[in-house]
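Trainee:
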Ligand SMILES: *Cc1c(COP(=O)(O)O)cnc(C)c1O
């Protein structure tokens, strides 16, 4: 592994070759569909610029972001030689149109109000491209199926727009065989049929790995690109992409009866060697990871001791005889699966990744096109 940019500080290492392997593994789940990477939240914390450029080199031509501002940043990172289609999942809220237009972004329209806002931004006599989001049961964003039907029945309301994609999102895509999945699929098929010219998209990572019945024309691939299993558990078809590690700052010996950390929540019950590593909740490590969490050092799992503090975590390294300051401890990566660590913290891999703080430098391995 390439050394961290600063041997004294934590680092998030992102393996772009592994990312590319996951992209192709997802693509194989829907050979007739396009696989469109979801790069919202700075590519789930892994760095949207290098990730977007590498995925373009791997053949990706359509990307998704959540916010128009993210779309602008991605457009600049891709540059004029990579004219990707960039869909914005927030769509066109009031006031968003100028920014969408300025960066050549395509909104995923989530309601009749957004259809109107985007239509008003169309040039006189011209049309603007858009996607339509139909809510088939998640009840988050999107037109209700009956609203979509009403829209299709009143083509005048769409005469300033080109609907090139109709999409929906599953509530239980990460839960295989959940009965809600086929129900949403049926609703989607019925509502989307009213827009015969548009491409169709329903699957994110989870549904893509459930069945090809969900692939339609486009898979919107997020978490599994970045190494998270499609079902919130490690999956042999997905390789780890991101590694979080940090150096030991100090090693000390503790005596029985002493306590460790804020709140004195851990009491030492035997002679113990403890390492303190330069990583804490200000770096994005959830406090709920301790007790119960581990670091990986010299081939061993080392248990966290006491509470995680802002900049430091204590770990039991009694079994690692030569543990010393400067050695790097892995928090997740090839040896500690991100889904397993997320479960220990009471969350999902998505949150673990997107919480890694800006103060943690990102290092990208593998070919990184400029
Ligand atoms: C985030 C998101 C995705 C990607 O989901 P993953 O589970 O990360 O693959 C796809 N579609 C929509 C609408 C999303 O918000």
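Numbering (the numbering used here), first residue to last: 194 to 563. Heads up, the beta-carbon is just placed ideally off N, CA and C, and yes, glycines get one too.
What does a CB cutoff of less than 7 Å around residue 415 pick up in its chain, not counting 5 residues either side in sequence?
Mentor: Only 231, 237, 397, 398 meet the Cβ criterion.
Trainee: Scan the segment 231-318 and note each continuous beta strand (DSSP E) run of 3 residues or more that stays entirely inside, going in chain order.
Mentor: Segments of the beta strand (DSSP E) lying fully in the segment 231-318: 255-258, 278-281, 299-302.
Trainee: Does the Cβ of residue 344 lie closer than 6 Å to at least one heavy atom of ligand 1?
Mentor: Incorrect: residue 344 has no Cβ contact closer than 6 Å to ligand 1.
Trainee: At a cut-off of 6 Å, is residue 415 close to ligand 3 when judged by its beta-carbon and the heavy atoms of the ligand?
Mentor: In the structure on display, ligand 3 does not appear, and the ligands it does have are ligand 1.
Trainee: So, do the segment 340-347 and the segment 367-376 have three or more beta carbon pairs nearer to each other than 8 Å?
Mentor: Taking 8 Å as the limit for Cβ pairs, the verdict is that the segment 367-376 does not touch the segment 340-347.
Trainee: Anyone know if the C-beta pair for residue 327 and residue 384 falls short of 7 Å?
Mentor: Yes, they are a contact pair.
Trainee: Measure the C-alpha to C-alpha separation of residue 354 and residue 323 and round it to an integer number of angstroms.
Mentor: Looking at the two C-alpha atoms, the distance is approximately 7 Å.
Trainee: Residue 359 by DSSP, collapsed to three states: which one?
Mentor: In the structure shown, residue 359 sits in a strand (DSSP, three-state: E or B).
Trainee: Do the segment 476-488 and the segment 523-535 touch if we need at least three Cβ pairs shorter than 8 Å?
Mentor: Yes: the two stretches touch, three or more of their Cβ pairs being nearer than 8 Å.
Trainee: Over the uninterrupted beta strand (DSSP E) stretch that includes residue 506, give me the two end residues.
Mentor: Start and end: 506-509.
Trainee: Is it true that the CB of residue 259 sits closer than 7 Å to the CB of residue 282?
Mentor: Going by C-beta atoms, residue 282 is nearer than 7 Å to residue 259.
Trainee: Spatial neighbours of residue 499 within its chain, please: C-beta separation below 6 Å, excluding the five flanking residues on both sides.
Mentor: Closer than 6 Å at Cβ, skipping near neighbours: 453, 454, 458, 459, 507.
Trainee: Would you call the segment 314-321 in contact with the segment 358-367, where contact means no fewer than 3 C-beta pairs closer than 8 Å?
Mentor: The segment 314-321 vs the segment 358-367: no contact.
Trainee: Among residues of its own chain, excluding the 5 on either side of residue 517, which ones have a beta-carbon nearer than 8 Å to its beta-carbon?
Mentor: Only 441, 444 meet the Cβ criterion.
Trainee: For the segment 365-439, which segments carrying the alpha helix (DSSP H) assignment without a break, of at least 4 residues, lie completely within its bounds, in sequence order?
Mentor: Counting only runs of 4 or more, we get 373-385, 398-403.
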